[in-house]
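In what follows, a structure is listed as structure tokens, so that the remarks can point back to it.
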């Protein structure tokens with residue numbers, strides 16, 4: 003107990019000392035504390051990495067996989083802090099309001115943050131465009147699947163709207179919901195959308211039971227069901243599909259040659275752009291440039307470290323790196339979509355489409 | 045379509061899952077499959093006990109046991125921590141480590157529940173009904189021995205059931221869709237009637253209040269934030285851990301503080317280690333002696349484990365209700381009947397076998413813990429679903445043997461924990477209550493990293509204390525709270541999918557009939573029981589025998605005030621609900637209308653009851669009222685101060701100052717002693733949470749301000 007007690011006292015005293023020093027110096031220098039070289043700044047520090055979900059989910063797993071490598075290239079300890087709540091909004095807001103000293107970063111649900119801002123969701127205590135973007139870990143590829151029990155084998159069977167399909171989704175305005183609504187709108191499907199399921203495992207069980215026919219989910223989750231012969235992918239949204247998606251029509255194939263093709267392509271592009279936001283790593287606004295550059299560089303090295311690539315592959319986690327500046331571009335393109343499209347998504351998210 | 049199914053599966057010829065069960069494929073295939081399963085058993089067992097796996101199993105089980113003992117940390121947490129170690133492990137040892145850590149959590153939680161009246165994890169809440177009462181009677185060892193043995197037996201039952209179901213695992217899982225789940229959850233709800241010693245009217249009020257509390261938060265059908273009353277953080281709803289900790293543990297601390305004696309009240313002096321040891325073995329024998337009860341309660345647990353999203357807390361309560369209902373000695377339940385410990389502890393571990401079913405059969409996790417297990421299996425390079433059932437059935441058996449052996453290890457080591465921990469219960473309350481309070485708020489914060497959860501635990505603590513005083517069943521409230529969301533969500537889905545006639549379909553209809561028969565049986569047996577037990581008293585005050593000091597009662601006048609307060613809250617909620625869309629408002633209305641009516645009826649009942657007779661019935665013994673309202677007041681004040689201190693100065697400074705001031709100023713302990721105890725408790729919590737489990741506790745507003753957070 004002696005050591006730990008000493009440790010406790012020391013840690014707390016040191017924390018307070020450090021905080022007061024920081025406060026005093028920043029008052030005196032007017033924020034000019036950040037004069038020292040970024041590399042030596044991070045040496046021996048600890049970076050707080052916020053995961054806005056409970057331990058055990060995808061965001062948490064990516065973070066825990068990557069943390070040792072970020073640590074390796076920054077020279078700092080990386081402490082993962084889970085801060086679940088409000089579908090990731092709470093943890094994201096915590097990152098947004100953290101001190102901009104470059105010692106607090108985190109992984110955020112990018113497309114959900116964008117969608118909430120588009121829909122004007124209240125309680126979104128952040129500005130998506132103002133985060134400091136360090137980079138992106140992965141994107142989500144969305145696909146439409148049908149269950150074996152539905153008796154449907156491909157998209158053509160219900161493409162012309164002659165057959166009602168029952169589609170499941172979790173929450174109103176969630177990913178699967180918006181996907182389904184937008185797709186039905188663009189393709190003119192006869193769709194009965196049942197939302198209110200707890201989560202995607204719930205929906206997959208309903209597919210297996212034949213309670214619902216179809217669902218919009220992530221490619222990774224869908225492929226698992228395909229290999230077990232329980233699900234069939236009938237539609238995807240990729241322009242350059244990977245091997246597993248060959249011979250399956252993309253959303254662009256479906257509208258090719260239809261009337262208003264250009265207008266539809268615009269909607270689909272905006273929709274696709276949302277999923278490209280993926281899972282970015284961000285810090286609060288206003289991190290000094292030398293530090294954010296240093297972090298971006300370390301993040302890039304960590305993401306391309308062969309050992310990380312290997313472990314991520316073994317864990318079945320797709321990675322898809324984008325740099326901080328690319329992320330800024332991506333965010334700009336999504337938030338900059340034209341008024342009409344933005345309005346369409348807003349009503350889709352609110353469940354009014 | 046047929047082509048889509050593998051050779052080992054049946055063609056999905058019909059729509060009804062039950063019919064599919066009957067269409068078992070060729071006998072040849074079955075034989076082949078059985079052979080594979082037998083080989084799997086042998087291989088799985090040999091792998092589990094091999095030197096490459098067993099050490100990991102032991103470590104995992106002990107880790108789970110410790111996590112279980114610590115309030116607020118649950119199986120989900122144990123697994124999430126264990127996953128991080130998997131990357132360098134072999135599949136067998138990884139599974140043993142991961143699942144071992146999950147399997148023993150409720151064993152550890154049971155120890156905390158019986159010793160301190162604090163549920164170590166939510167699934168141990170039902171154990172609180174009789175466990176601490178046994179401790180007070182001086183039967184601590186018996187309760188613990190019986191609890192741990194029942195856990196082991198329950199887990200074994202669940203695991204064996206899982207093994208037996210392997211050939212029809214997929215069909216079994218698909219059996220339960222929204223219509224079936226609605227009925228089953230409803231059936232579980234009917235058990236609130238028999239749960240406590242409390243009377244039916246108050247139990248119903250509590251259960252309805254629990255259902256209403258479950259409605260708090262975002263309704264994902266309409267995205268309406270229900271009953272948050274401006275608290276944004278309530279949009280996620282009330283979490284189970286702080287609610288359980290508050291209702292039971294904080295309430296117990298308030299009572300302990302007001303009584304001002306050691307926690308183990310009935311014990312004249314603490315038994316020697318030898319005696320406790322002897323009692324433990326007596327408890328072990330008791331659990332084996334009640335094997336038929338263990339079997340039935342385990343079956344309840346396994347069945348409820350199959351239902352996604354239910355968790356093990358309701359299973360334990362239902363098992364408790366069943367144990368009480370089927371017992372010859374119903375009156376002694378709640379006063380320290382060993383059957384009241386055996387039932388829930390057998391059920392909450394049997395859940396494991398059921399919960400694994402959908403994860404193994406389809407790779408679809410039924411709970412957050414199972415989701416972690418799934419990602420753990422993925423990390424280990426294993427595929428669940430048909431592939432595992434057909435090609436790696438030995439892995440399934442490693443899981444099964446891990447559950448059994450893990451619980452065995454937990455039981456053995458748990459027994460060693462009992463003696464040192466039981467010494468703590470003899471510490472006087474003026475020091476124990478603040479110390480345990482610090483443990484409770486740490487656990488409440490750690491479960492979600494949310495300051496709000498500390499407030500929730502404290503508020504529910506006051507609420508739980510009042511409920512206990514006025515004889516409202518906290519168990520009924522909790523079961524309503526846990527099931528409310530499940531019932532509403534699945535009812536909505538069942539109506540959307542199958543229309544209002546879903547109830548007329550054969551499966552749900554059959555289950556509904558069972559529910560009705562059950563309810564009728566419950567009502568009749570309660571009615572008969574009541575007539576036999578208390579022919580003279582028209583009212584519901586339990587017999588004053590047993591341990592009067594632990595049965596405090598408020599006066600009728602204060603109960604009316606209590607009811608009036610709740611009534612105002614419900615009325616506010618009622619008006620609020622008019623603002624919601626109909627889909628979101630209808631369930632709350634269905635709950636609130638009878639709730640308001642019953643509360644008015646209860647108030648009328650209290651008023652019309654002969655006041656003289658009532659006050660005569662109430663045992664106002666010295667020990668109950670010692671200190672009186674002043675003590676309660678000081679406790680409430682210190683709880684508010686505790687929250688303010690943590691919010692302002694941070695978690696550890698907060699509990700340090702709180703502990704010291706409560707002991708030194710409020711309880712007038714010696715300065716040095718107060719300082720030593722409060723510092724040691726804070727240091728111990730710091731070591732456990734920050735260092736050992738790496739959970740970051742709240743920094744405090746002042747510190748955050750100095751660091752430059754934009755909170756302000």
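Chains as they are written, first to last, in this note's numbering: chain D, 3 to 355; chain F, 45 to 756.
All residues carry an ideal CB built from backbone N, CA and C; glycine is no exception.
query	result
Taking the alpha-carbon of residue 610 of chain F as reference, which of F/627, F/689, F/364, F/510 has the nearest alpha-carbon?	F/510
Rank D/106, D/189, D/213, D/351 by C-alpha distance to the C-alpha of residue 221 of chain F and give the top, closest one.	D/213
Taking 7 Å as the threshold (beta carbon to beta carbon), is residue 422 of chain F in contact with chain D?	yes
Hey, how far is the Cα of residue 375 of chain F from the Cα of residue 329 of chain F?	23 Å
Measure the beta-carbon distance from residue 141 of chain D to residue 322 of chain D and round it to whole angstroms, keeping in mind my assumption that it falls under 8 Å.	5 Å
Where are the alpha helix (DSSP H) runs, 4 residues long or more, that stay fully inside the segment 99-129 of chain F, in chain order?	119-127
Which term fits residue 558 of chain F, buried or exposed, when burial requires 16 or more other beta carbons within 10 angstroms of its beta carbon?	exposed
Can you list, in chain order, the residues of its chain with a C-beta nearer than 6 Å to that of residue 325 of chain D? Leave out the 5 residues immediately preceding and following it.	137
Roughly how far, in whole angstroms, is the beta-carbon of residue 85 of chain D from the beta-carbon of residue 493 of chain F, given that I think they are within contact range, below 8 Å?	5 Å
What residue does the alpha helix (DSSP H) around residue 193 of chain D start on, and which one ends it?	Taken as a continuous stretch (DSSP letters only), residue 193 of chain D belongs to no alpha helix (DSSP H), being part of the beta strand (DSSP E) at 193-197.
Does residue 400 of chain F have its Cβ less than 7 Å from a Cβ in chain D?	no
Residue 164 of chain F and residue 175 of chain F - do their beta-carbons sit closer together than 7 Å?	no
For residue 218 of chain D, which beta-bridge partners are listed by DSSP?	D/146
Go ahead and label residue 536 of chain F buried or exposed: buried means 16 or more other beta carbons lie within 10 angstroms of its beta carbon, across all protein chains shown.	buried
Suppose the cutoff is 6 Å on Cβ atoms and the five residues either side in sequence are ignored; what does the same chain contact list for residue 706 of chain F look like?	478, 682
Using a Cβ distance threshold of 8 Å, determine whether the segment 188-201 of chain F contacts the segment 380-396 of chain F, with at least three qualifying pairs required.	yes
Looking at the unbroken beta strand (DSSP E) that takes in residue 106 of chain D, where does it start and where does it end?	106-109
Can you list the residues of chain D that residue 754 of chain F reaches, using a CB-CB cut of under 7 Å?	99
Of all the CB atoms in chain D, is at least one closer than 7 Å to the CB of residue 740 of chain F?	yes
How long is the line joining the alpha carbons of residue 206 of chain D and residue 408 of chain F, rounded to whole angstroms?	7 Å
Return the residues of the segment 473-503 of chain F that lie within a Cβ-Cβ distance of less than 7 Å from chain D, sorted by chain order.	492, 493, 494
Label residue 435 of chain F either buried or exposed according to how many other C-beta atoms from any shown protein chain fall within 10 Å of its C-beta, with 16 as the threshold for buried.	exposed
Three or more C-beta pairs closer than 8 Å, one from the segment 97-117 of chain F and one from the segment 470-489 of chain F: is that the case here?	yes
Expressed to the nearest angstrom, what Euclidean distance is found between the alpha-carbon atoms of residue 59 of chain D and residue 66 of chain D?	11 Å
Do you know offhand how far residue 322 of chain F's Cα is from residue 268 of chain F's?	56 Å
Would you grab the beta carbon distance between residue 396 of chain F and residue 439 of chain F for me? Rounded to a whole angstrom, and I think it's under 8 Å.	Not a contact, Cβ separation roughly 16 Å.
Within the 7 Å Cβ cut-off, does residue 168 of chain F reach chain D?	no
Here's a check: name, in chain order, each residue in its chain whose Cβ is nearer than 7 Å to the Cβ of residue 496 of chain F, leaving out the five neighbours to either side.	277
From residue 203 of chain D to residue 42 of chain D, what distance separates their C-alpha atoms?	46 Å
Against chain D, with Cβ distances strictly below 7 Å, would residue 432 of chain F count as a contact?	no
Under 7 Å between beta-carbons, which chain D residues line up against residue 408 of chain F? List them in chain order, please.	203, 206, 207
Starting from residue 138 of chain D, trace the beta strand (DSSP E) both ways and give me its first and last residue.	134-140
Can you name the start and end residues of the alpha helix (DSSP H) that residue 602 of chain F belongs to?	600-621
With respect to the beta strand (DSSP E) encompassing residue 277 of chain F, which residues constitute its N-terminal and C-terminal limits?	Residue 277 of chain F -> no beta strand (DSSP E), and no H or E assigned at all.
Quick check: the segment 351-364 of chain F against the segment 223-241 of chain F, are there 3 or more CB pairs under 8 Å?	yes
Tell me which residues share the same chain as residue 633 of chain F and place their Cβ nearer than 7 Å to its Cβ, disregarding the 5 neighbours each side in the sequence.	621
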